[in-house]
Structures are given as C-alpha cells and as structure tokens.
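Okay, so here's the structure we're looking at.
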Amino acid sequence: MHSWLHDIRYGVRTLLHAPGLCVLAILALALGIGANTTIFSWINSTLLNPVPGSTHPRELVSMTRGGTVETPFPFSYPDYADLRDQNKSFSGLTAYSIYSLTLTGTGRPERIWGSLVSANYFDVLGIKPILGRTFVPEEEQKTGGAPFVVISYRFWQVHFGASSSVIGRTININQHPYTIVGVTPPLFQGSQTGLRSELWIPVAMQQQVVTESDIFHDRAESWLILMGRLKPGQNRQQAQEDLNILMRRLSTQYPDAHHGHDTITVYPLWRAPFGANAYLYVLLPMLMAIAGIVLLLACANVANLLLVRSLGRRREIAIRLSLGASRWRLVRQLLLESMLLALMGGVVAMLITTWTAGTFLKFLPPAGIPISMNIEADRTVMLAAFVISLVTGLIFGILPALRASRLAPLPVLKEESSSASGGLHKARLAGILAAGQISLSLLLLICAGLFIRSFRNAQQADPGFNAGHVLLASYTLLPSGYSSAAGLEFDRQLLAKLQAIPEVQSATLASWVPLGFTSSSATVKIEGYTPQLNESMDIDDAVVSPGYLHTMQIPLVAGREFTLEDHRKSQPVAVVNQAMAARYWPHQDPLGKRIYTYGQWFSVIGVARNSNYDDLEESPKPFLYTPLFQEYRSSTIVHVRVAGDPLAFAPTLEKTIHELNADLPVFDVDTLESRVQVASTTERIAGTFVGAFGLLALVLAAIGIYGVISYGTRQRTHEIGIRMALGAQRFNILRLVLRNAVTLTLSGVLIGLALSFVFTRFAQSLLFGVSTTDAFTFVTVTVLLCAVALLACYVPARRATRVDPIIALRYE
Numbered sequence: 006m007h008s009w010l011h012d013i014r015y016g017v018r019t020l021l022h023a024p025g026l027c028v029l030a031i032l033a034l035a036l037g038i039g040a041n042t043t044i045f046s047w048i049n050s051t052l053l054n055p056v057p058g059s060t061h062p063r064e065l066v067s068m069t070r071g072g073t074v075e076t077p078f079p080f081s082y083p084d085y086a087d088l089r090d091q092n093k094s095f096s097g098l099t100a101y102s103i104y105s106l107t108l109t110g111t112g113r114p115e116r117i118w119g120s121l122v123s124a125n126y127f128d129v130l131g132i133k134p135i136l137g138r139t140f141v142p143e144e145e146q147k148t149g150g151a152p153f154v155v156i157s158y159r160f161w162q163v164h165f166g167a168s169s170s171v172i173g174r175t176i177n178i179n180q181h182p183y184t185i186v187g188v189t190p191p192l193f194q195g196s197q198t199g200l201r202s203e204l205w206i207p208v209a210m211q212q213q214v215v216t217e218s219d220i221f222h223d224r225a226e227s228w229l230i231l232m233g234r235l236k237p238g239q240n241r242q243q244a245q246e247d248l249n250i251l252m253r254r255l256s257t258q259y260p261d262a263h264h265g266h267d268t269i270t271v272y273p274l275w276r277a278p279f280g281a282n283a284y285l286y287v288l289l290p291m292l293m294a295i296a297g298i299v300l301l302l303a304c305a306n307v308a309n310l311l312l313v314r315s316l317g318r319r320r321e322i323a324i325r326l327s328l329g330a331s332r333w334r335l336v337r338q339l340l341l342e343s344m345l346l347a348l349m350g351g352v353v354a355m356l357i358t359t360w361t362a363g364t365f366l367k368f369l370p371p372a373g374i375p376i377s378m379n380i381e382a383d384r385t386v387m388l389a390a391f392v393i394s395l396v397t398g399l400i401f402g403i404l405p406a407l408r409a410s411r412l413a414p415l416p417v418l419k420e421e422s423s424s425a426s427g428g429l430h431k432a433r434l435a436g437i438l439a440a441g442q443i444s445l446s447l448l449l450l451i452c453a454g455l456f457i458r459s460f461r462n463a464q465q466a467d468p469g470f471n472a473g474h475v476l477l478a479s480y481t482l483l484p485s486g487y488s489s490a491a492g493l494e495f496d497r498q499l500l501a502k503l504q505a506i507p508e509v510q511s512a513t514l515a516s517w518v519p520l521g522f523t524s525s526s527a528t529v530k531i532e533g534y535t536p537q538l539n540e541s542m543d544i545d546d547a548v549v550s551p552g553y554l555h556t557m558q559i560p561l562v563a564g565r566e567f568t569l570e571d572h573r574k575s576q577p578v579a580v581v582n583q584a585m586a587a588r589y590w591p592h593q594d595p596l597g598k599r600i601y602t603y604g605q606w607f608s609v610i611g612v613a614r615n616s617n618y619d620d621l622e623e624s625p626k627p628f629l630y631t632p633l634f635q636e637y638r639s640s641t642i643v644h645v646r647v648a649g650d651p652l653a654f655a656p657t658l659e660k661t662i663h664e665l666n667a668d669l670p671v672f673d674v675d676t677l678e679s680r681v682q683v684a685s686t687t688e689r690i691a692g693t694f695v696g697a698f699g700l701l702a703l704v705l706a707a708i709g710i711y712g713v714i715s716y717g718t719r720q721r722t723h724e725i726g727i728r729m730a731l732g733a734q735r736f737n738i739l740r741l742v743l744r745n746a747v748t749l750t751l752s753g754v755l756i757g758l759a760l761s762f763v764f765t766r767f768a769q770s771l772l773f774g775v776s777t778t779d780a781f782t783f784v785t786v787t788v789l790l791c792a793v794a795l796l797a798c799y800v801p802a803r804r805a806t807r808v809d810p811i812i813a814l815r816y817e
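Just add 5 to wherever you are in the sequence shown, counting from 1, and you've got the numbering used here.
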C-alpha cells in the first residue's frame, strides 16, 4: 500500500512538471468522456428507465396489433378484458390512454393532461402511492360509476401545496366532480416515456373524458394501449404467441369488430412503439456509438502526447532501469500517471455533463402535447463516468507505458546516436495512432455531413401544404359543458368572426395538425371493395371545417371542398386524397363513391393532393377528410392564415375566442411552422450532435498529426542538420517532412473511406433525402480533412527548415 501511495505522489509531481501537456490531455479526455456521459445520461433516463418509479421495469412490455403501430390506440376495452383474463403469460395486464382535460373550480379553467387507466394499472407498474390508495377492481365495473382520481406529486405540490389533507377532497374535471384518493411518488409521471400525466382516472369514466357515446362496451372501438408484466420464467416470444392465439380467437368470434391484423407484437419497454422511445431507441444508441469514436480519438491523441513526452523522460527511465527498477514497476508507474490524467478528465467531464444532460429537451419544438423528461446526471451516470475514465486511462496509457519500459539504458546514458532507434519505434507507433485518428475523424466528419444535409433536406422538404403565415390555437368544448349542437354553433360563430377580421386571409378548424406527433384514424368500409385477408381498413383521417384545404393551400385535384351547406341535415360528404382514390378506385372516377365510417355513408365530393401526414419520409397513403359540421369534434384547433407575422395576431385570436366564452381555455398558441418542425426533430438532434462530434474529431486529428510530425522532426534533428550541412535547401527539407505527412494522411483517409462505406449504411433509417454514399459529402469532407491535416503539418515542417546545422550536429 505504501508503494502505491508513493507512486501516486510521484505521479502527481511528474504531471505538475508538464502543465501544458496535462491541460491538453485533460481537455481532450474531458470532451471525449463528456460526450459519452451526456449521451449515456439520456439513455439512462429514457431507454434504461422508461417508466421512472416503476419496479423491475425489465419485466414490463408494451404491445400493439400487427408489426407496426396500426392505430394510436390499438385495443378496445372488451378485447383488453378478454386478453387480461385469459392469458397465461402475464402476472398483470393493464390498459391506459392519455387525453387533455379541463380543470375547473380553481379560478380560470386550466388545461391539463390525464390518463384513463384500468383498475390494476398502478399494481402492474409497481407504483405505490405516497398518500392514500390507488384504484380497486370494483371501480372498473360500472360505466360512470367511479368518480375517483389519483393525482401526481407535481399536481399535489402546485394545486394543494403538498397538504396531507388532500385525500378525500374534490376537484372538477370536465365539469364533473372527482374525489382524490391517492398521490403518486415524485418520479412517476405516466407510462409513456416523454409524456407527462397530471392525474389518473378509472376507464369506467370514459364518457366524461373521451366522448359522450359509450365506447366502453364497444368491441369495435379501439382507444386503449396495453402494457403487461411478464410472469417469472416467461419471455416476450412466449407471451406474444400466447396473445396471438387469444387475438385470433377473438377475431374469429367477433369478425365485424376486427379488421386488419389479428396478431399482436410484444415489445420491450425500452423500444415501445408509444411515447418517445419509439424514436429514441434508434437515435440514442447511434449517438452513443459516435461518442465512443470521439473518445477513441481522444485516447489516441493523449497516447501521442505521452509518446512525445516519453522522449524527454528517456534519461530518467534509463537511470531507474539501471538502478534495478523492474519493467513492471515502470509500467505501473506510467499507467498510474495515465489513470490520474483520465480521472481528472473524468471530473471535468462530469461537470460538463451536469449541464449538458438537461439540454435534450431544448431540441424538441412545441408539439401541443405534454412532453417531459426528467434527464439528469444521477449516481448511475457518475458511476459510468468513473468506469469510462478508468477504462480510458488504460486504453491510452498501456501502449506508451509498454514502449517506454522497453528502453535500453546503456545507449541512452551514453547519448549515442544509436539511441534514436527506440525513438524511431515510438515514431512508428505515433504514426499508426495518427493514421487511426485521421480515419476515425473522416468517418465522423462524413456522418456529420450526411446528417447535416439530411436536416437541411428535412427543413426544405415540401410536405404538401404551406405552413407559412399560419397561426394555431386549440380549445375543447366538452369540458365546458357544450352539447354537440351548442358546440357546432360556437364553431360557426367563431369562423364568421375570424373571417371578418381584415388581417385574416382565411380561417378554418381541424381536429389535428399534420406532422405534429398526433394522429387519428377511422375504420372504413368502401362500397364495392372487398378487403383481403387481414387487410387493415383503418384509414388516417381528420375532421375539418369549410376552408381547410384553402387555408392549408392543399390543391384540389378534382371536385370541391366542404362548405357551410355541408351540415348534419345534408347529405354526408367526404374528401379523399389521391392515394386513397388510387387504392380503392383505380382507373375510376372517385367522385360520387361511398365510404362507410362513423356509423353512416359518406359520398366523395373531392380529391385532394397527397400530403405528408405523420412523417416526412412516408410513402403516399390513403387519407380521409370529413366535415366538422357533419361529424362534430369537441376538441378543435383553429388555423388562421394571416398576411404578416402570425404570432403578432395571437392576442387578436384569443380575444376573438373569449368574446364568445370568456372562461374557455385557449392553449397551444403557436405557428404551424413551429409545430411541423417536430417532424425533423430526429434530424435536428442527430445533425447537431454528430456535427459537433465531427468538428471535435477534426480538431483532435489536427492536434494528433501535428504532434506526430513535431515528434518525428525532433527525432530527425541530427539527420536534418547533416542534410543542410551538405547543401540541402529549405525547400528540400520542407518537402521531406511534408512527404511523410502526406503519406500518413492518405493512409488514414483510405482507411477512413473504407470504414465510412461500411458503417454509414447503419444510419440510413435516420437520414432524409440523402444516400449513405453521397458523393458530395464524401468528396467535400475528404478535401476538408486533408487540408486541415496538411495545415497542421506545415508548422513543424517550417520549423524543421530553420534548424541550425551546427547546433543540430552538436546535438549528438
């Protein structure tokens, strides 16, 4: 133990004698380690802990019908009840869905988000309330018979000041009284990663939350998401087979209520298809891999610094060896110094991570949904930083330590010219490390170039509508006590008032915003069309008011769009897009064709141009528009196209709504441009971080090759002196040094290009409008890296031309 303490003290003193090297090494390591701990903090808070506060999250799984998310809410309550009661693979199966609600009775009505959940929801997740209780099975039996609510810790703090007497108190939600029965722990915010619920209500209260009609007992109405906890000894594959047997039985038993897939896919919670992890499980591991490459570059950089430093410590090492020090003792000492550097870099990295961990949400634009992620540098992240630091110290320290310990003491102590041989071996190793840095830097720079081009393409893509100069604002009428007739009248009056304002070019109402994380679908029946076996008849749809296509500037290909004459007493009508017309009526005129949905037949009166609805890269898919004044929706989004800045019109829009109802909450006031930026969130995050990592790699590569050439020219000082004494000109010396630099750079570039062709194809799913072998990116980045590398080599090469031959010859 005493010898270890002695080595630590000696290592600290040695490092303090080279402050410049220490600062460079610690900075490089801090950036490399910090990049990894930042991304790991995001992974830890999302993929590794998808439902904060739950017990044994690895046992939890999510599921959907088919192999993809066919609908936002794939299951009906009767199907859920049968799957829950008849399966053999789960210790518990629960159901939930998330909705916007209106809190009244506390002053001005407030919009909040809450979840309808089955009675066993908290038991399946393993969530124990800090106050009161959760739900009991009896509260799921009778529709409308369970006016109870469990509130979140945050809601309890904000609205009740953390009062312990909150249990038994009543709050009004959607103008219905609910009794508070429990408070959840601070960490728990719901079961969809990235979405925050403020309260939870039993599914039996569906009519007070979702719609006035009773869908609780309707097997054809899908409005729930399912999660389950696997029994001990069961795996996902066994559970999936179990559920598929049950689902096929239900599809056979109730054929009219089941269209499309009769299979169920079970997912681990870290890549569940609902919530933020549906996007993050691809993005974050990719960023972690790239951050790992940055760390390898930092290791190579520091290893080169240590090799250069070992040149100045040759006599010290030779003396220690000649006095009897073992090779292992020298290796231990040098590795210990490397570990000290790595740990100091790790400390700085942790300071960086405490700030960068919380930056993730800054990349998410407003989306009209309760996005929330509790990302922080917790104990797990700190432990990861410590482990990464130790491993890093071993990686960059082992080769320089082994090389230095092989020194032959006698030639060094005699200072004979032959002593250069050890240096040449080190120069060779430094050259290999520098070539590796260049190759990895090129890989990162090419990835950065691809993602930056992808983001630019996503920003400039034509989604099929014009998002410019459009202001959005949302309101919901059901919680304020409006019947469907009163709600329709409110909508008519609002549209008339808006269209009378001079600044307004056009105004409309809709149930959704395209490319904004929200979606809706309807089960349809096409007159004269026979679905194939297991063909889904769920079609994405939107309920819109007259003027929607005009306001969004979506061209009509045929027919007309809706007018005020399309109301409940007139013939039900619909507008379809080109993809729907081509799928169900190929080579026919779609006008006049009939579609059955929402309990009635709609006649097609128009065909709109295809747009992007859920994703910028989606293939054209069928889409259905139905008129708001025939198929009423209480939750509505106002779309107003104005001539100038849409945000400047926001006060006027809110004032106009409040002229009709001063107490109606107006929320999510934002521009359409801002909302559709959600579609390019993945490209934005990837482009930003991969671009930053690429620039960091470029700097590290430049420093690395500069160090190698400086080290090499220092080793060849005697040779350069002889050449100049024999008449060599400065240009010849410059060419000699740069020739080695060019050889080193080209070898690294060739390896980097090969790596790039192999590894960039794994990022194809994250790229938009650009190939993984994009020639422009490859050529531009290669030229840039070569230019920077040669510039870094020029400084030591120019210094070599200024060597004084007399001093250089005296050096030996």
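Where is the CB? At the ideal position from N, CA and C, for every residue including glycine.
Bear in mind that the values here come from a model prediction, so they are computed numbers and not experimental data.
Anyone know if the C-beta pair for G436 and M344 falls short of 8 Å?
no
Grab the span of the alpha helix (DSSP H) containing T556 for me, first residue to last.
553-557
From A505, D383, N582, pick the residue whose C-alpha is nearest to that of D545; which is it?
N582
If A579 and F607 are in contact, beta carbons under 8 Å, what's the gap, nearest whole angstrom?
4 Å
Specify the secondary structure class of S424 as computed by DSSP and reduced to three states.
Caution is warranted here: a pLDDT of 42 is assigned to S424, below 50, making its placement in the model unreliable, and no coordinate value can be reported.
Beta-carbon contacts of L821 that lie in its chain and below 6 Å, excluding the five residues immediately before and after:
Only positions 6 to 817 of the chain appear in the structure, and residue 821 is not among them; the question remains open.
Can you name, in chain order, every residue of its own chain whose Cβ lies under 8 Å from the Cβ of A648, other than the five neighbours on each side?
H474, E508, Q510
Let me make sure I understand the geometry here. Which of N282, K147, D543 has the alpha-carbon closest to that of N49?
N282
Expressed to the nearest angstrom, what Euclidean distance is found between the alpha-carbon atoms of S685 and G521?
10 Å
Strictly by DSSP, which residues pair up with P632?
V549
Use the C-beta contact count for Q537: other C-beta atoms within 10 angstroms, 16 or more gives buried, fewer gives exposed.
exposed
Under the assumption that L633 contacts V548 (Cβ atoms under 8 Å), give the Cβ distance between them as a whole number of angstroms.
5 Å
Nearest neighbour of L292, chosen from C798, T765, L789 [CA to CA]
T765
If we call anything under 8 Å between Cβ atoms a contact, is A225 one with S81?
yes
Chain-order list of residues whose beta-carbon lies under 6 Å from that of P83 (same chain, five-residue window excluded):
R224
Who are the Cβ neighbours of L288 in its own chain at under 7 Å, not counting the five residues just before and after it?
T687, I690, A691, L771
Pull up the distance between the alpha-carbon of V154 and that of T42, whole angstroms please.
39 Å
Buried or exposed by the 16-neighbour rule on C-beta atoms within 10 Å, applied to K598
buried
What are the residues that DSSP puts in a beta bridge with S102?
L121
Extent of the continuous alpha helix (DSSP H) to which Y126 belongs:
126-130
Using DSSP's beta-bridge definition, name the partner residues of L561.
A613
What did DSSP end up calling T19 once you bin it into helix, strand or coil?
helix
For Y480, list the residues DSSP reports as bridge partners.
T641
Among R573, T358, G533, Q558, which residue has its Cα nearest to the Cα of R588?
G533
So what's L200 in DSSP terms, helix, strand or just coil?
strand
CB A390 to CB L339, shorter than 8 Å?
no
In the DSSP assignment, find the unbroken beta strand (DSSP E) run with M232 in it and report its ends.
230-235
Are the region 449-464 and the region 689-708 in contact at 8 Å, needing three or more beta carbon pairs?
yes
Return the CA-CA distance between R740 and G441, expressed in angstroms with no decimal places.
23 Å
So what's E817 in DSSP terms, helix, strand or just coil?
Unreliable placement is indicated for E817, whose pLDDT of 49 sits below 50; the coordinate value is still reported in the next sentence. E817 falls in the coil class under three-state DSSP.
Bridge partners of A579, per DSSP?
V609
If you check the beta carbons only, do S761 and L395 fall under 8 Å apart?
no
Going by Cα to Cα distance, which pick from P656, T657, D543, H555 is closest to T602?
D543
Give me the Cα-Cα distance between R201 and R14, rounded to the nearest whole angstrom.
51 Å
Could you check what DSSP says for T270 in three-state terms: helix, strand or coil?
strand
Start-to-end residues for the beta strand (DSSP E) that takes in A167
Per DSSP, A167 belongs to no beta strand (DSSP E) and is neither H nor E.
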